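Protein chains in written order, with the working numbering: chain A, 1 to 361; chain B, 362 to 696.
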């Protein structure tokens, strides 16, 4: 009995240690990349005559210094962890899917339509709006997937074109069919289609849990389901996958559809899962750039669905804190996008740790 | 004479060229229809040429770059950053031409840094290129807001570089530069020793290395030239064409230029042709948008989609991948 307990304990420690070892190196790499982004961002502030210390202090204090700050940070993180999934699943399948942006727009339009214009009983309404948003997101991923499968069109070009077409289409749909009494915003979704607010006064709603469950589901799918294994096999070695009898085209299609569902959910989250607007701005301002930021988040999270959740919380904090930076230090919050670019470039360099003198295996 | 004709016919019948020629035939047919409808097509050509210029410059640069074996999808970002800094330069030196020059230098610098990262850092070039795009998205609006304190800046007219009168009508000097760059880089790539080395660096880097030339240096030079051309295109957008600056100014042009490169199979002259087709579609979209009869029927948003839809369709019809260098996108590791 005792020996058994010991061996179980030993096993747990072993798993923990090996897990930690696997975790430590990527974490160090991401941290160094983030640090580089922050440093070069600071340099860029000094060049234009801002005070970087005050700016970063305002940013991190605003994002993580208070309970209210944390709640907003999580609200910002919710769509990001989903758009990160889009990019991460694509990368796992060897596809550079940067179409989350357009899929988010369409997902938001779908949720705004079902939520605002179709009357349903409460739980059903929430579910219908969410699912419809996700389906529209997946629908917008389909052209890129089919062009890739049938014609070999590179997804970088097709997804960006679809992003722009989606941008104008979403604005058109929002303005011509979904506007409410105020022109710049769609009709607010009905109360029955809203996710419940978690804390009074905060904009965070329970869609956070839906997003996290979705991320865990994708993780389980990729690492536990046979179809998910096929996806990863296609990504790591397409030729071997073909020999192993994997249907590569089907795997690519799946990857795009999962990405589209995730991005659509992100768009829906901004409309039916975010107080106080509960609507889509007709110039897309409350869903803008979520897809592109998701790329950076996915890379910081090491192209892993669960890693993406943590990276999204970090980056949600940066986005939320950016507003404080703008308010207290006058630094335009667009700087956070610049910093993200630096982080992504730094993460593209595989020998970053070696360059900086850290020894890796 | 007969063999020459047969040769040129065979050249034209080459599949790659057939795509371009059939598309150009469609363009000519459209012109004919427009003339028949009693509308002015010279305006349309002028707009098409203006819209072609940044696409062509970026695409030609990227052709040279990819021939040497590095693939830079950060064209969108280079266009954006050089558009902003070109305007800053024009204000600083109070001269539009200096602005274009600054834009070129900025583009070359970004191309250089990108090459250093991908050659010595062995970076994943696709991710690094996307990093440039993301960085530029932030940088453009950040600079706009912190230099001019507003999200929109209109250039004083005296800083603009305007089209010049030529026997063929009013053509912008930068458009001429773009056409010249296409011809020169075609000659450069196929008829000069360095051009052959550039192509070899993309096809068989080991051979270049064995031959005693540095693959690294060749790739860095090619990427710098490519970035410089792209930078000129970005500065042209603001200083030569629009005359104003917003955060949306690039609007996917970098990726349309990438589509041109794929379409052209890395041949600079074909890239110029492809850029004209895409530029023409954009020019006609702008032209349609200001035509009163059309404006009332079709919502403005659908007209805005035209360039992107055309790009998607053209890329779908012409399959890329053909004729790409062997070592493209792979960092060269010396043994």
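The beta carbon of each residue, even a glycine, is placed where N, CA and C say it ideally should be.
Nothing here was measured: the structure is a model prediction, and the numbers come from that model.
Check                                                                                                                                                                            : Outcome
Could you give the DSSP three-state label for residue 499/B: helix, strand or coil?                                                                                              : helix
Roughly how many angstroms lie between the CA atoms of residue 298/A and residue 84/A, to the nearest whole one?                                                                 : 4 Å
Excluding the five sequence neighbours on either side, which residues of its own chain have a C-beta within less than 6 Å of the C-beta of residue 130/A, listed in chain order? : 268
Anything in chain A within Cβ reach of residue 675/B, meaning under 9 Å, just list it in chain order.                                                                            : Correct list: empty, because the minimum Cβ distance to chain A is about 10 Å.
Hey, would you say residue 256/A sits closer than 8 Å to residue 145/A, going by beta carbons?                                                                                   : yes
Rounded to the nearest angstrom, what separates residue 563/B and residue 630/B at their Cα positions?                                                                           : 19 Å
Looking at C-alpha atoms only, which residue of 238/A, 303/A, 32/A, 201/A is the closest neighbour of residue 259/A?                                                             : 303/A
So is the beta-carbon of residue 229/A under 7 Å away from any non-hydrogen atom of the ligand GDP?                                                                              : The model depicted lacks the ligand GDP and carries no ligand whatsoever.
Would you mind sorting residue 92/A into buried or exposed? The rule is 16 or more other CB atoms within 10 Å of its CB.                                                         : buried
Using 8 Å for Cβ pairs, my map puts residue 140/A next to residue 106/A. What's the rounded Cβ distance?                                                                         : 4 Å
I'd like to know if residue 340/A contacts chain B, where contact means its C-beta is closer than 8 Å to some C-beta of that chain.                                              : yes
Helix, strand or coil: how does DSSP classify residue 539/B here?                                                                                                                : helix
If the cut is a Cβ gap below 9 Å, which residues of chain B does residue 348/A touch?                                                                                            : 478, 479, 482, 484, 485, 486, 487, 488, 489, 490, 491, 492
For the alpha helix (DSSP H) that contains residue 452/B, what are its first and last residues?                                                                                  : 436 to 454
Which partner residues does residue 531/B have in the DSSP bridge list?                                                                                                          : 526/B
Less than 8 Å between the beta carbons of residue 605/B and residue 513/B, yes or no?                                                                                            : yes
Considering only the alpha carbon of each residue, which of 581/B, 546/B, 617/B lies closest to residue 162/A?                                                                   : 617/B
Which residue comes first and which comes last in the alpha helix (DSSP H) that contains residue 307/B?                                                                          : With chain B represented from 362 up to 696, any question about residue 307/B goes unanswered, as that position is not in the structure.
Please tell me whether residue 172/A has its Cβ less than 8 Å away from any Cβ of chain B.                                                                                       : yes
Quick check on the burial criterion: 16 or more other C-beta atoms within 10 angstroms. Buried or exposed for residue 450/B?                                                     : buried
Between residue 689/B and residue 432/B, which are expected to be in contact by the criterion C-beta below 8 Å, what is the C-beta distance as a whole number of angstroms?      : 6 Å
With residue 606/B as the anchor, note down where its beta strand (DSSP E) starts and where it stops.                                                                            : 605 to 607
Please classify residue 186/A: does DSSP put it in a helix, a strand, or coil?                                                                                                   : strand
Which of helix, strand or coil does DSSP assign to residue 463/B?                                                                                                                : helix
Roughly how many whole angstroms lie between the Cα atoms of residue 349/B and residue 345/A?                                                                                    : The requested residue 349/B does not occur in the structure, where chain B is confined to residues 362 to 696.
Taking 8 Å as the CB-CB cut-off, is residue 154/A touching chain B?                                                                                                              : yes
So what does residue 95/A bridge to, in DSSP terms?                                                                                                                              : In DSSP, residue 95/A forms no bridge with anything.
Taking 8 Å as the threshold (beta carbon to beta carbon), is residue 360/A in contact with chain B?                                                                              : Because residue 360/A sits at a pLDDT of 44, beneath the cut-off of 50, its placement in the model cannot be relied upon, and the point is left open.
CB-CB under 8 Å to residue 212/A, same chain, minus the five flanking residues each way: which ones, in chain order?                                                             : 81, 309
I need the DSSP call for residue 359/A, collapsed to helix, strand or coil.                                                                                                      : Because residue 359/A sits at a pLDDT of 48, beneath the cut-off of 50, its placement in the model cannot be relied upon, and the following sentence gives the value as read from the coordinates. Coil.
How would you label residue 544/B, buried or exposed, when you count the other beta carbons within 10 angstroms and need 16 or more for buried?                                  : exposed
Determine the extent of the alpha helix (DSSP H) in which residue 281/A is found, giving its start and end residues.                                                             : No alpha helix (DSSP H) holds residue 281/A; DSSP gives it neither H nor E.
If the cut is a Cβ gap below 9 Å, which residues of chain A does residue 623/B touch?                                                                                            : 153, 154, 157
Around the C-beta of residue 403/B, are 16 or more other C-beta atoms found within 10 angstroms, so that it is buried, or is it exposed?                                         : exposed
Can you list, in chain order, the residues of its chain whose CB lies under 6 Å from that of residue 54/A, leaving out five sequence neighbours each side?                       : 329
Over what stretch of residues does the alpha helix (DSSP H) that includes residue 176/A continue unbroken?                                                                       : Counting along the chain, residue 176/A falls outside any alpha helix (DSSP H), and DSSP gives it neither H nor E.
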